[in-house]
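Quick note, the numbering used here runs 310 ahead of the 1-based positions in the sequence shown. The structure under discussion appears below in the form of structure tokens.
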Amino acid sequence: VSGDGLLHEVLQGLLDRNSWRDASRLPFALLPAGSGNGLTKSFDSEKLEVSVYNLIKGYSQPLDIMSLLTKDKERIYCHLAMFWGLLADADIESDRYRWVGPARFTVGAIVRMVNLRSYRGILRYLPANESNLSPPANEAETERPPHRHPAPESRVCPEGWTEVEGEFVLFCAANARWIATDVCIAPKANHQDGSMDLVWIERSAVTKTDLVKLMLQVETGKHEFD
Numbered sequence: 311v312s313g314d315g316l317l318h319e320v321l322q323g324l325l326d327r328n329s330w331r332d333a334s335r336l337p338f339a340l341l342p343a344g345s346g347n348g349l350t351k352s353f354d355s356e357k358l359e360v361s362v363y364n365l366i367k368g369y370s371q372p373l374d375i376m377s378l379l380t381k382d383k384e385r386i387y388c389h390l391a392m393f394w395g396l397l398a399d400a401d402i403e404s405d406r407y408r409w410v411g412p413a414r415f416t417v418g419a420i421v422r423m424v425n426l427r428s429y430r431g432i433l434r435y436l437p438a439n440e441s442n443l444s445p446p447a448n449e450a451e452t453e454r455p456p457h458r459h460p461a462p463e464s465r466v467c468p469e470g471w472t473e474v475e476g477e478f479v480l481f482c483a484a485n486a487r488w489i490a491t492d493v494c495i496a497p498k499a500n501h502q503d504g505s506m507d508l509v510w511i512e513r514s515a516v517t518k519t520d521l522v523k524l525m526l527q528v529e530t531g532k533h534e535f536d
């Protein structure tokens with residue numbers, strides 16, 4: 311009984327164990343009681359009574375897990391999305407507004423758009439196709455959850471990968487459509503297809519007015535990106 315945060319912490323402990331394979335087969339029942347509840351929304355079970363019904367009936371579906379390696383070589387597992395820039399800032403800095411419930415994310419986003427930041431970085435990604443999609447983790451014989459395509463450590467972009475360098479306002483690698491009940495960041499995402507949906511905005515391509523319009527559209531998933 312929680313939001314997405316508690317499930318995130320549980321996954322860190324389970325997938326870091328030598329018995330991660332057994333843990334990956336455990337069914338989880340998430341009853342939405344947090345600020346965001348993005349995963350239950352993506353599963354079309356954001357209403358508490360629907361989640362309870364699914365729990366009683368034992369309904370389940372697969373869920374991909376993303377792996378993130380920090381510059382300090384810390385391994386982090388993600389089930390919903392990984393953010394950088396505006397969304398991450400709004401999430402972290404809105405923690406002080408938890409008393410307003412889910413609206414804290416809206417408040418945090420408004421504050422950040424008024425005082426807009428950008429971050430310089432390099433994005434490299436491997437476009438998904440049928441030949442490079444990752445297999446289900448329980449089909450791979452490894453001591454740790456497998457990585458079909460580890461992130462390149464070389465300064466040279468590998469063949470087949472795409473590189474984007476610039477000033478970023480927002481970046482998101484989404485595993486699910488919804489990251490909160492009112493934020494559909496990746497309308498076409500599928501949480502069990504072995505790929506991530508990437509969303510990013512470069513500072514040179516957007517104004518504060520554009521961002522406000524975008525955030526309003528994101529609430530329903532009607533936004534479009536080039």
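C-beta: ideal position from N, C-alpha, C; glycine also. Remember, it's a predicted structure, so these values are computed and weren't measured experimentally.
In whole angstroms, what separates the C-alpha of E475 from that of L358?
43 Å
On a Cα-Cα basis, can you pick out the residue from Y387, A484, F478 and D492 that is closest to L324?
Y387
So V428 packs on V417, CB below 8 Å; how close in whole Å?
The question names Val, yet the displayed sequence has Ser at residue 428. Not confirmed; about 21 Å, so no contact.
Just tell me which of L390, D382, R422 and W330 has its CA closest to the CA of S505.
L390
Within its chain, find whatever has a CB closer than 6 Å to the CB of I511; leave out the 5 residues flanking it on each side and keep chain order.
V479 and L480
Please state if the CB of L341 and the CB of V311 are separated by a distance shorter than 8 Å.
yes
Rounded straight-line distance, which links the Cα of G344 to that of N448:
Confidence at N448 is low in this model, with a pLDDT of 49, below 50, so the placement of that residue should be treated as unreliable; the coordinate-derived value is given next. So the alpha carbons of these two residues sit roughly 29 Å apart.
From the DSSP output, which residues share a beta bridge with C494?
C494 pairs with nothing; no bridge assigned.
Rounded separation between E451 and W330 - CA only:
Only weak support exists for where E451 lies, its pLDDT of 49 falling under 50; the value from the coordinates is given anyway. In a straight line, the C-alpha of E451 is about 11 Å away from that of W330.
Identify the continuous beta strand (DSSP E) that holds T472 and give its terminal residues.
T472 to A484
Give the list of continuous beta strand (DSSP E) stretches no shorter than 3 residues that lie fully inside the stretch 320-381.
376-379
Which one of E356, K367 and R434 has the shortest CA to CA distance from W471?
R434
Quick check: the Cα distance between I432 and I375, rounded to an integer number of angstroms?
23 Å
What are the start and end residues of the alpha helix (DSSP H) that includes V528?
K518 to V528
Suppose the cutoff is 6 Å on Cβ atoms and the five residues either side in sequence are ignored; what does the same chain contact list for M392 look like?
L378 and A483
Contact between the stretch 484-495 and the stretch 349-358: three or more CB pairs below 8 Å?
yes
Proximal residues to L365 (C-beta, below 6 Å), its chain only, five neighbours per side dropped
A339
Neighbourhood of E477 by C-beta distance below 6 Å, restricted to the same chain and skipping five residues each side
S428, R430 and R513
What did DSSP end up calling V466 once you bin it into helix, strand or coil?
coil
Cα-Cα, which of W394, G368, Q371 and P372 is closest to T380?
W394
Report the option in D332, G346 and A400 whose CA atom is closest to the CA atom of G411.
G346
Rounded to whole angstroms, how far is the Cβ of L317 from the Cβ of Q502, which I believe are closer than 8 Å?
Actually they are not in contact, since the Cβ atoms of L317 and Q502 sit about 16 Å apart, beyond 8 Å.
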